[in-house]
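In this note's numbering, the protein residues as written are 2 to 616.
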């Protein structure tokens with residue numbers, strides 16, 4: 002079949018089949034590649050790099066067209082709707098050639114669906130480079146003759162076979178209704194038996210790959226070594242946030258100071274100079290310093306995803322999470338919440354149990370998201386020395402970061418444990434079933450691009466809000482006395498109204514204003530505080546905001562209280578909006594906002610008094 006103008010080609014496949022990596026190769030778009038179901042929740046589209054008349058659509062990975070989880074339901078409904086509305090010209094089903102039987106179970110369902118809608122399809126047998134590395138082979142030609150559709154061996158990671166894809170698309174045909182088979186079985190199991198037969202006839206022979214995975218799993222899933230390695234890996238993740246990002250952060254800070262020294266002398270002395278100095282370099286500049294840590298965090302989490310380790314981490318976490326009313330599948334949405342609560346909430350669709358999906362919603366806002374990271378880094382840098390112990394293996398700042406992240410996780414588990422034992426509506430349950438993806442070396446180029454895009458998205462999305470808030474804060478703090486006294490400004494007057502609320506935890510009105518402004522976005526706290534310190538100090542040397550906090554004499558108890566408050570409080574209007582969209586009601590978002598705010602304040606007050614007592 003010749004490819005029509007503006008042809009739309011669907012890519013569909015199971016999680017871990019390499020479908021999204023193939024999409025990246027074909028379109029050049031920077032899509033997320035992950036080794037766990039629940040990461041991709043949107044349908045991506047993009048033009049072919051080789052032929053602009055071809056548009057590829059990347060559907061979320063599903064195990065079956067008979068949807069179980071909320072995420073699978075979204076993907077299957079979108080795929081079926083596209084077929085019904087005749088939006089697709091050809092369907093490419095991506096299967097993992099190293100696990101051919103599993104891939105064919107799903108491919109046979111797609112074959113039947115494409116026959117019913119009279120749509121051409123072909124099978125892209127991915128990861129043949131892995132078979133070549135282990136001197137293993139399978140018979141794509143024999144499989145194609147049996148199924149009577151094209152079967153193309155490819156490697157999305159290396160690009161092997163992709164040059165032949167346009168020709169295979171052009172020759173794709175509508176699958177026949179029946180396939181030759183001597184299997185006699187019920188309709189429920191015929192696909193599984195047929196896939197097993199096809200894999201035995203045409204699939205790679207030998208269990209070398211399974212043996213390799215088993216040897217690694219014997220360590221990473223060991224009852225003792227597995228848990229120990231999990232904590233070591235998680236600690237290294239948080240330590241890397243400081244150690245890997247520190248040189249780049251220093252360079253960004255030096256660059257901002259250098260740029261300020263060039264720009265400010267050119268601007269006429271007066272309001273314009275003060276605005277550029279206090280709002281632009283003091284407020285927005287203080288926020289930009291922490292962006293490299295977002296890059297490192299996203300990169301390291303991506304490495305864990307692509308390597309196949311996160312699925313093992315979910316298995317390790319299942320038993321302890323079950324005690325708190327959750328499941329191992331809750332681990333991935335919760336870890337996604339470390340980057341941002343919004344994709345974490347979307348990823349919770351993969352939790353089949355309605356009970357545990359709602360409990361996961363309760364836990365995700367307490368995960369230490371990347372928007373909190375600038376706040377944590379600022380406070381830790383202001384109070385925790387950058388000293389190291391054990392020959393440099395243990396850094397006190399990294400340990401403090403690990404501890405505050407752990408606090409958020411512990412609070413999330415305590416909340417879900419209490420709710421799961423007190424709510425009679427959440428008693429039904431489903432078993433925990435999870436596929437173990439093979440261990441693979443990460444594809445570095447997509448990982449780096451994804452981390453870079455995450456930083457760009459973080460800056461552009463948060464930057465607009467920070468700029469708007471910074472301008473407002475600067476105007477309120479600069480007038481009517483033109484920055485002579487911050488306490489006598491409009492902002493100072495407003496801040497003194499709310500100061501009694503934060504005074505019990507040792508914070509003055511400046512921190513209260515910064516906390517309130519952070520409801521729009523948590524990271525606004527840093528920009529707001531930087532702007533106010535810039536107005537008050539009229540700094541010419543542009544010392545770091547952490548140094549300014551140190552010089553202000555803020556007590557250690559107040560710094561600890563700030564960390565605890567931000568670890569618990571739900572201060573993100575976007576998270577509340579997404580929760581409302583996913584649950585279909587404002588009931589849960591409003592309840593979480595009120596209860597977590599009260600919880601955060603009480604916890605911060607307790608920590609302040611405790612630290613001050615012992616310090």
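Note that CB positions come from ideal geometry on N, CA and C, so glycine has one too.
Apart from the five residues on each side of it in sequence, which residues of its chain come closer than 6 angstroms, Cβ to Cβ, to residue i?
i, result
"residue 600", "569"
"residue 438", "17, 36, 309 and 312"
"residue 342", "365, 366, 370 and 576"
"residue 107", "15"
"residue 73", "63"
"residue 520", "572"
"residue 325", "414, 417 and 418"
"residue 223", "none"
Measuring straight from C-alpha to C-alpha, what distance separates residue i and residue j?
i, j, result
"residue 331", "residue 265", "50 angstroms"
"residue 104", "residue 96", "5 angstroms"
"residue 614", "residue 604", "15 angstroms"
"residue 597", "residue 347", "21 angstroms"
"residue 203", "residue 99", "12 angstroms"
"residue 338", "residue 345", "5 angstroms"
"residue 277", "residue 333", "42 angstroms"
"residue 280", "residue 552", "20 angstroms"
"residue 236", "residue 168", "49 angstroms"
"residue 453", "residue 27", "20 angstroms"
"residue 193", "residue 23", "26 angstroms"
"residue 248", "residue 298", "15 angstroms"
"residue 402", "residue 386", "13 angstroms"
"residue 580", "residue 50", "37 angstroms"
"residue 518", "residue 470", "7 angstroms"
"residue 358", "residue 583", "11 angstroms"
"residue 191", "residue 110", "11 angstroms"
"residue 408", "residue 165", "52 angstroms"
"residue 501", "residue 317", "46 angstroms"
Going by beta carbon distance, what residues of the same chain come within less than 7 angstroms of residue i, once the five residues before and after it are set aside?
i, result
"residue 79", "44 and 60"
"residue 612", "557, 558 and 561"
"residue 564", "377, 380 and 405"
"residue 77", "63, 66 and 68"
"residue 440", "214, 217, 308 and 309"
"residue 322", "328, 329, 331 and 332"
"residue 128", "19, 97, 98, 99 and 156"
"residue 383", "547, 550, 551 and 560"
Enumerate in chain order the residues of its own chain whose CB-to-CB distance from residue i is below 8 angstroms, with the five nearest sequence positions on each side excluded.
i, result
"residue 292", "253, 456, 459 and 460"
"residue 182", "Annotation note: pLDDT 49 at residue 182 (below 50); position unreliable, no value reported."
"residue 219", "none"
"residue 533", "474, 478, 487, 492, 511, 514 and 515"
"residue 205", "98, 99, 101, 132, 137, 138 and 139"
Mind checking who residue i pairs with in its DSSP beta bridge?
i, result
"residue 94", "13 and 124"
"residue 18", "Answer by DSSP bridge pairing: none, since residue 18 is not bridged."
"residue 154", "126"
"residue 46", "58"
"residue 8", "55"
Return helix, strand or coil for residue i, following the three-state DSSP convention.
i, result
"residue 599", "helix"
"residue 474", "helix"
"residue 87", "coil"
"residue 396", "strand"
"residue 174", "strand"
"residue 346", "helix"
"residue 270", "coil"
"residue 316", "helix"
"residue 513", "helix"
"residue 118", "coil"
"residue 226", "helix"
"residue 523", "coil"
"residue 617", "Outside the displayed span of the chain (2 to 616) sits residue 617, for which this structure offers no information."
"residue 255", "helix"
"residue 412", "helix"
Is the beta carbon of residue i within less than 7 angstroms of some heavy atom of the ligand NAD?
i, result
"residue 441", "Absent from the structure shown: the ligand NAD. Ligands present: none."
Inter-stretch contact (C-beta, 8 angstroms, three-pair minimum) for the region 141–156 and the region 73–88: no
With a threshold of 8 angstroms, are at least 3 pairs of Cβ atoms found where one atom belongs to the region 299–314 and the other to the region 440–454? yes
Tell me, please, whether the region 568–587 touches the region 350–368 by the rule of three or more beta-carbon pairs shorter than 8 angstroms. yes
Touch test, the region 521–530 against the region 370–378, Cβ-Cβ under 8 angstroms, three pairs minimum: yes
Counting Cβ pairs closer than 8 angstroms, one from the region 224–237 and one from the region 313–328, do we hit at least three? Per the Cβ contact rule, the region 224–237 is in contact with the region 313–328 (3 or more Cβ pairs under 8 angstroms).
With three or more beta-carbon pairs closer than 8 angstroms as the criterion, would you say the region 475–483 touches the region 492–507? yes
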